[in-house]
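Reading through the structure tokens given below for one structure.
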Amino acid sequence: MRGIEAALFVWREVRAGKFASESIRRIADSLSPGDLTLVSSLVYSALRRQFLWKEIYSRFLRTSPSGLSQSAGDALCIGTAGILELRTFAPRVLVNGLVQELKKQGDDRGSRIVNAVLRRVAEEGRDQMRKIEVSGGLKEQSLISGIPSWVASSWRNVWGDDGKKLLKMMRIRPYSSFRITGESDRERILGLAREKGIRCWQSPLLSSSVRLAGTVFPPEFPGYGEGLATPQTESSMMVAEVMRKMHKGGPLLEMCAGRGVKTGHISSLFPETPMESIELSPARAKAAERELARTGMRGKVRLITGDALHTSPSFVPSMISLDAPCSGSGTWNRHPEAKWRLTPEKLDSLASLQINLLKRAVSLLAPGGIVVYSTCSLLKNENENVVAHVLSEEPGLVELSFPFGGALFRKGRPWGTYMWPELPWIDGFYMAVIMKKSGGKTVDG
Numbered sequence: 127m128r129g130i131e132a133a134l135f136v137w138r139e140v141r142a143g144k145f146a147s148e149s150i151r152r153i154a155d156s157l158s159p160g161d162l163t164l165v166s167s168l169v170y171s172a173l174r175r176q177f178l179w180k181e182i183y184s185r186f187l188r189t190s191p192s193g194l195s196q197s198a199g200d201a202l203c204i205g206t207a208g209i210l211e212l213r214t215f216a217p218r219v220l221v222n223g224l225v226q227e228l229k230k231q232g233d234d235r236g237s238r239i240v241n242a243v244l245r246r247v248a249e250e251g252r253d254q255m256r257k258i259e260v261s262g263g264l265k266e267q268s269l270i271s272g273i274p275s276w277v278a279s280s281w282r283n284v285w286g287d288d289g290k291k292l293l294k295m296m297r298i299r300p301y302s303s304f305r306i307t308g309e310s311d312r313e314r315i316l317g318l319a320r321e322k323g324i325r326c327w328q329s330p331l332l333s334s335s336v337r338l339a340g341t342v343f344p345p346e347f348p349g350y351g352e353g354l355a356t357p358q359t360e361s362s363m364m365v366a367e368v369m370r371k372m373h374k375g376g377p378l379l380e381m382c383a384g385r386g387v388k389t390g391h392i393s394s395l396f397p398e399t400p401m402e403s404i405e406l407s408p409a410r411a412k413a414a415e416r417e418l419a420r421t422g423m424r425g426k427v428r429l430i431t432g433d434a435l436h437t438s439p440s441f442v443p444s445m446i447s448l449d450a451p452c453s454g455s456g457t458w459n460r461h462p463e464a465k466w467r468l469t470p471e472k473l474d475s476l477a478s479l480q481i482n483l484l485k486r487a488v489s490l491l492a493p494g495g496i497v498v499y500s501t502c503s504l505l506k507n508e509n510e511n512v513v514a515h516v517l518s519e520e521p522g523l524v525e526l527s528f529p530f531g532g533a534l535f536r537k538g539r540p541w542g543t544y545m546w547p548e549l550p551w552i553d554g555f556y557m558a559v560i561m562k563k564s565g566g567k568t569v570d571g
């Protein structure tokens with residue numbers, strides 16, 4: 127499979143509801159390293175700002191976009207993104223490749239339209255893009271940032287002028303970071319990575335994090351195969367670090383374990399502490415088992431496949447990590463397909479689930495215990511509003527501050543704390559630490 131053919135294939139998979147990263151992984155072995163890079167670059171460039179690319183190529187169409195075949199629309203979106211974003215890629219080669227793929231599919235009309243439109247995009251597309259960029263309108267700024275306009279409007283209402291800064295942050299290209307435990311392993315792995323030509327260094331924010339000056343396929347990074355290096359954003363790492371600093375003893379429960387990356391991090395910081403993790407999806411629970419095996423943590427955590435709203439641990443936890451299912455709006459730079467699948471109605475449904483999960487966590491918690499509620503979302507509906515709802519119904523709860531601060535952190539309004547995606551290794555994240563009072567009084571943390 128060649129690069130342009132593979133990019134169109136992945137795009138169709140994403141349109142059918144799959145994640146780009148999973149589709150690319152499935153076909154990676156059939157691609158040369160150069161084609162694999164091309165596929166990733168084309169697909170993610172197109173996904174991050176697909177409404178902008180559609181706006182631009184539509185200006186050169188002589189027919190309605192609704193009159194296009196699906197394959198021609200796909201080629202126009204990918205082609206426009208490649209021409210206007212991938213400066214090192216020759217536009218003529220890209221256009222010819224897309225046209226040939228459409229001809230192979232028997233879409234002769236679509237191939238002619240794509241050829242004509244993309245040649246005009248190559249000539250005039252950047253001027254159109256600049257006109258959109260200099261506009262101060264919210265619609266235009268949403269297009270340039272690659273954010274749904276209704277989300278951009280919400281950010282402006284909540285954050286005021288800082289909402290404009292947040293829109294600009296959503297254009298930052300994400301880079302890889304790896305969690306490495308143990309100073310000796312970290313120095314050895316840094317050395318091996320540099321020998322392979324990978325630019326990397328220890329993070330000034332978290333000693334266990336190594337930052338890369340770009341992205342890398344995880345198995346290619348030294349230490350991954352040994353289970354010593356794990357791809358993880360620093361925002362995600364912060365959850366376990368907060369738990370480590372706030373923990374006063376007693377067993378740990380993780381609700382919504384996902385694929386086990388955070389599970390492994392938490393268990394590595396609490397090697398002698400009983401810990402159980404709950405995951406609803408059998409497929410994700412199996413992935414978590416594999417991740418724990420890879421990192422040498424199998425047997426240290428009891429994984430339970432079940433619904434966290436109804437499944438109980440075998441003990442009364444003194445601390446709970448609730449990394450709730452959410453819109454993922456803080457990770458849209460890294461997983462751009464998710465933003466185009468979110469609707470206001472789906473957001474309301476997520477918020478309702480988050481409230482019920484947080485209530486469930488509080489009901490399981492031992493008196494004097496702590497819930498660390500987190501999301502990878504930058505939307506108030508999933509964060510402050512959820513915490514406010516539960517605090518208002520549960521008088522025995524109190525919010526605690528946690529021992530981190532700095533320019534990357536923003537206080538919620540009024541509950542919890544955000545990490546803003548100001549750097550390529552940091553996704554947008556929200557965290558609130560909630561204590562359950564003991565005997566009607568707050569236990570001194």
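In our numbering, the protein residues as written are 127 to 571. By construction, the Cβ of each residue, glycine as well, lies at the ideal position given by its N, Cα and C atoms.
- Taking a contact as a CB-CB distance under 8 Å, the pair A450 and T501 counts as one, their CB atoms being some 5 Å apart.
- The segment 459-522 contains, as complete alpha helix (DSSP H) runs of 4+ residues, the segments 470-490 and 510-519 (chain order).
- For the pair L331 and I239, the Cα-to-Cα distance works out to about 50 Å.
- In the displayed model, Y170 falls within a helix according to three-state DSSP.
- Around the Cβ of N509, a 10 Å sphere holds 16 or more other Cβ atoms; the residue is buried.
- With respect to the 8 Å criterion, K322 and P348 are classified as neighbours on the basis of their beta carbons.
- It is roughly 8 Å from the alpha-carbon of G340 to the alpha-carbon of P300.
- Per DSSP, the beta-bridge partners of M557 are S500 and T543.
- With three or more CB-CB distances shorter than 8 Å, the segment 226-239 counts as touching the segment 194-212.
- As computed with DSSP, Q358 is found in no beta bridge at all.
- For M381, the enclosing beta strand (DSSP E) stretches over residues L378 to M381.
- In the DSSP assignment, C203 falls within the unbroken alpha helix (DSSP H) covering Q196 to E211.
- Non-local beta-carbon contacts of L479 in its own chain, meaning distances under 7 Å to residues more than five positions away in sequence, involve P451 in chain order.
- Judged by DSSP in its simplified three-state form, T431 adopts strand.
- Looking only at R246, L318, L429 and S393, the smallest Cα-Cα distance to P408 is reached by L429.
- Remark: C-beta atoms of L517 and Y544 do not approach each other more closely than 8 Å.
- Contact between the segment 471-487 and the segment 452-463 is established, with three or more Cβ pairs separated by less than 8 Å.
- Burial is judged here by how many other beta carbons sit within 10 angstroms of a residue's own beta carbon; T421 has at least 16 and is buried.
- Rounded to the nearest whole angstrom, the CA to CA distance from L187 to G353 is 51 Å.
- Secondary structure note for L224: it is in no beta strand (DSSP E), and the uninterrupted alpha helix (DSSP H) holding it is P217 to K230.
- Bounds of the alpha helix (DSSP H) holding S184 are Q176 to S184.
- Boundaries of the beta strand (DSSP E) harbouring F535: F535 to K537, taken from the DSSP string.
- F396 has no beta-bridge partner at all, per DSSP.
- Counting along the chain, E405 sits inside the beta strand (DSSP E) bounded by residues M401 to E405.
- Less than 8 Å separates the beta-carbon of V365 from that of V498.
- Of the other Cβ atoms in all chains shown, fewer than 16 fall within 10 Å of the Cβ of D155; this residue is therefore exposed.
- Non-local C-beta neighbours of G160 in its own chain, meaning closer than 8 Å and more than five positions away in sequence, comprise G129, ordered along the chain.
- By the 16-neighbour rule on beta-carbons within 10 angstroms, I298 is exposed.
- Around D553, the same chain offers T359, S361, G456, T457, R460, C502 and P547 as residues with beta carbons nearer than 7 Å, after the five sequence neighbours per side are excluded.
- By the neighbour-count criterion, in which 16 or more other beta carbons inside 10 Å mark a residue as buried, A355 falls on the buried side.
- Per DSSP, the continuous alpha helix (DSSP H) segment holding D288 begins and ends at D287 to M295.
- Under DSSP, K562 shares a beta bridge with L523.
- Going by C-alpha positions, L178 is about 12 Å away from L202.
- For W285, the CB contacts under 7 Å within the same chain, skipping 5 residues up- and downstream, are L292 in chain order.
- Judged by DSSP secondary structure, D253 falls within the alpha helix (DSSP H) whose first and last residues are D234 to V260.
- Taking C-alpha positions only, W541 is separated from D288 by approximately 18 Å.
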